[in-house]
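Residue numbers (the working numbering): 7 to 599. All residues carry an ideal CB built from backbone N, CA and C; glycine is no exception. Heads up, the thing below is written out as structure tokens.
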Amino acid sequence: GFKKPMKRLWISSLTDAAIKNGFSHLVDYRVYDRLYEAAASRAKADWLVGLNISRALTCKYNASLSAGRVQTPTLSLIVEREKEINNFKAIPYYTISLKAYQKDFQLVKNNNVIKYFNKNEALSICEKIRNSKIYVKELVEKEKREVPSLLYDLTTLQEDANKLYSFSAKYTLDIVQRLYEEKKYLTYPRTDSKYLSTDMYQTIKERLLACSYHNFQKIVQQILEKPLTNSKRIFDNSKVTDHHAIIPTEIKPNIMNLSTDEERIYDLVVRRFLMAFMNDSVYLSTTLYVGNDDFLFKTSGKQTINQGFKVLLKNDDAINNKLDKDTYKIGNAVANFNVIINELKTTPLERFTEATLLDAMEHAGRFTTNTKEKQALENASGIGTPATRAEIIERIFDAGYVKLVGKTIYPTLKGMQLIELVPSSLKTVSLTANQEMSLEEISKGKKDSKAFIDEIILFTKDNVKMIKESQSRYQHDNMTNSKCPNCGKKLLDITNKFGKMLVCMDKNCGYKKNIYRNVNLRCPNCHKTMKQYGENDNSTLECSCGYKEKTKKFFEKIKDNNQGMSKKQLNKYIDNQNKEIPTNNPFADLFKN
């Protein structure tokens, strides 16, 4: 029944200046009604699909399994890539190169290296070349320019942090969130835009001055000596929806108060911000062609003319391997050349890292052939949002669907089985594409949100029914050879932060046996935390260093020394531990009767 006028504060950084500016430009709340309806519909749809499908899978296969609109297609990308790699058969192929002038020339056609898949054909071509005359055909010089990368959105920042420092997406988000909320050195991080709105142009000088510290002082001074660029590659209202790119605020940082990793992330954002206002990188590209009327070989060189923004790129020094025009006379015969056949093999696509997985999620349109779906995913910036992608990746790790080896992501047996068990409609990016098309219509007032939710309910019911009727089987990856004393079925090994227990694979049986608990008691020898084996008075405390003692005797010693808990306190502590340790199936207690 509230009838008074309402306004909304819409800001992207938490500095005093930004907040004051926001309050001086409050927006009528009704402007965002459609956006609210779309966001609420997305949340409800994800809840309906994720909750029901996850419960159906868990109950059907008696294992802690989960699925969702974004999580399942993301896991599917990893699993399908693994299948491609495992089924990949390398095909040998051959290229031909010519050695002359102490350089390697590649045999090309239409400027592309020629690949031969028949060795005899490649050998025959080699022989023809050896028996022919080769001349200097042409030397092409071309000045080329490279423009700076666009400003950071959250996903590209997470990608770079993973490539350079092996940070997980979640860890990067946590750091950049602190730099935004606590330090107030960066603008709002959960953004999918790489552009700034045009009204921000007037704030750039202040932000540049805030970046004028350490090695950046000279760069900032050079940028401010000339009028600041107002390029559409930086300022474009049409590319800014909810939030603009991540850039520094006008608050000068106290670098000494930042942790090493906070400084690394802030440094990345500052470099990308400064590069946007610097000159293009200019270099001279030279390509030398040798050959005759039948064959053409090429080699190339490069000389940096002006590094421009690249002075801020780490490990990117000026290059000078230019091919000098005066050295090679057009029409001259090439003497003492050597022709070589190179034997190579086709290689599969590489497994995902967190950086490449984030990129795949952001550009998910490449995984569908449907034009409308491609466009919808491009408009929605892929599957997931910058704010949720890190959480999704973290979730599939925590659930045991994937594991990390170095920087590379491998699917586990559990993850590969899950993709076989979920309905096919949940595995593809098409679900998100179609949903985003509906949500866009809701945000524009062209579709009713209730009609959309009704569609999602019907979709969910159909998929739950498919899971219930499925004849597929699930193989527990934690099954032991021990048998349940009650029903004779195999026991599952449940190991987590609380300890280790054996649980019957039949949820209707409900048998469980504690092997050990991780207790917060310190070893008197090495002071590490210990494990407690057995129950109550018969239990034993053991440490990895070899220390072993009955729990009762351990506490008697502590009591004698007046240094710790009484037996009553110990029993209370153990009872609490028992309550905290979950069983394999969160629904086991619910269904056991």
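Across which residues does DSSP place residue i in a beta bridge pair?
| i | result |
| --- | --- |
| residue 241 | 202 |
| residue 411 | 414 |
| residue 33 | 14 |
| residue 544 | Its beta-bridge partners do not exist; DSSP assigns none. |
| residue 111 | 104 |
| residue 99 | 350 |
| residue 119 | 114 |
| residue 509 | 498 and 518 |
| residue 555 | 547 |
| residue 537 | 524 and 548 |
| residue 254 | 192 |
| residue 450 | None; residue 450 has no bridge partner. |
| residue 7 | The partner list for residue 7 (beta bridge, DSSP) is empty, contrary to what the question assumes. |
| residue 307 | 292 |
Straight-line CA distance for residue i to residue j?
| i | j | result |
| --- | --- | --- |
| residue 213 | residue 443 | 37 angstroms |
| residue 33 | residue 266 | 39 angstroms |
| residue 227 | residue 139 | 57 angstroms |
| residue 82 | residue 90 | 12 angstroms |
| residue 215 | residue 223 | 9 angstroms |
| residue 589 | residue 61 | Low per-residue confidence applies at residue 589: pLDDT is 49, beneath 50, and the placement is therefore not dependable, though the value from the model is reported in the following sentence. Each residue's alpha carbon lies about 16 angstroms from the other. |
| residue 58 | residue 466 | 7 angstroms |
| residue 35 | residue 42 | 10 angstroms |
| residue 515 | residue 70 | 17 angstroms |
| residue 493 | residue 536 | 33 angstroms |
| residue 587 | residue 235 | In this prediction, residue 587 scores a pLDDT of 49, lower than 50, which makes its location untrustworthy; the coordinate-derived value is nonetheless stated afterwards. Spanning the two alpha carbons is a distance of roughly 60 angstroms. |
| residue 282 | residue 210 | 11 angstroms |
| residue 513 | residue 552 | 36 angstroms |
| residue 8 | residue 378 | 42 angstroms |
| residue 270 | residue 522 | 41 angstroms |
| residue 20 | residue 398 | 27 angstroms |
| residue 383 | residue 460 | 22 angstroms |
| residue 12 | residue 424 | 47 angstroms |
| residue 440 | residue 434 | 11 angstroms |
| residue 26 | residue 195 | 20 angstroms |
| residue 92 | residue 438 | 28 angstroms |
| residue 365 | residue 160 | 11 angstroms |
| residue 129 | residue 303 | 16 angstroms |
| residue 381 | residue 242 | 20 angstroms |
| residue 476 | residue 53 | 23 angstroms |
| residue 24 | residue 187 | 13 angstroms |
| residue 510 | residue 469 | 28 angstroms |
| residue 48 | residue 169 | 32 angstroms |
| residue 558 | residue 524 | 17 angstroms |
| residue 436 | residue 218 | 46 angstroms |
| residue 432 | residue 145 | 55 angstroms |
| residue 463 | residue 457 | 10 angstroms |
| residue 309 | residue 51 | 55 angstroms |
| residue 550 | residue 353 | 45 angstroms |
| residue 230 | residue 284 | 10 angstroms |
| residue 351 | residue 95 | 10 angstroms |
| residue 28 | residue 251 | 17 angstroms |
State the CB to CB distance for the pair residue i and residue j, rounded to an integer number of angstroms; the pair is presumed to be in contact (CB under 8 angstroms).
| i | j | result |
| --- | --- | --- |
| residue 389 | residue 162 | Contact doesn't hold; Cβ gap of about 16 angstroms is too wide. |
| residue 339 | residue 141 | 6 angstroms |
| residue 180 | residue 387 | Not really, about 21 angstroms apart at Cβ, beyond 8 angstroms. |
| residue 192 | residue 275 | 6 angstroms |
| residue 349 | residue 98 | 6 angstroms |
| residue 63 | residue 427 | 6 angstroms |
| residue 418 | residue 483 | 7 angstroms |
| residue 495 | residue 508 | Incorrect: roughly 12 angstroms between the Cβ atoms, too far for contact. |
Is there a Cβ from chain D that is less than 8 angstroms from the Cβ of residue i?
| i | result |
| --- | --- |
| residue 280 | Of the protein chains in the structure, only one exists, and it is not chain D. |
Any heavy atom of the ligand ZN inside 7 angstroms of the beta-carbon of residue i?
| i | result |
| --- | --- |
| residue 314 | For the ligand ZN, the structure offers nothing, since it holds no ligand at all. |
Give, in chain order, every unbroken run of the alpha helix (DSSP H) that is at least 4 residues long and sits entirely within the segment 133 to 157.
-> none
Can you check the segment 261 to 305 for any beta strand (DSSP E) of at least 3 residues that lies completely inside it and give the ranges in chain order?
-> 287 to 297
Tell me, please, whether the segment 144 to 155 touches the segment 274 to 293 by the rule of three or more beta-carbon pairs shorter than 8 angstroms.
-> yes
State whether the segment 119 to 133 contacts the segment 245 to 261, with contact taken as three or more CB pairs (one from each stretch) at a distance under 8 angstroms.
-> no
What runs of the beta strand (DSSP E), each 3 residues or longer, lie entirely inside the segment 460 to 490?
-> 485 to 489
The segment 41 to 56 / the segment 443 to 453 touching (three or more Cβ pairs under 8 angstroms) = yes
Segment contact flag, the segment 114 to 123 with the segment 307 to 320, C-beta cutoff 8 angstroms, min 3 pairs | no
For the 8 angstroms Cβ check, are there 3 or more pairs between the segment 354 to 363 and the segment 160 to 175?
-> yes
Quick one: which unbroken alpha helix (DSSP H) runs of 4-plus residues sit fully inside the segment 310 to 371? Chain order, please.
-> 360 to 368
Along the chain, which unbroken stretches of the alpha helix (DSSP H) at least 4 residues long are found entirely within the segment 381 to 406?
-> 395 to 404
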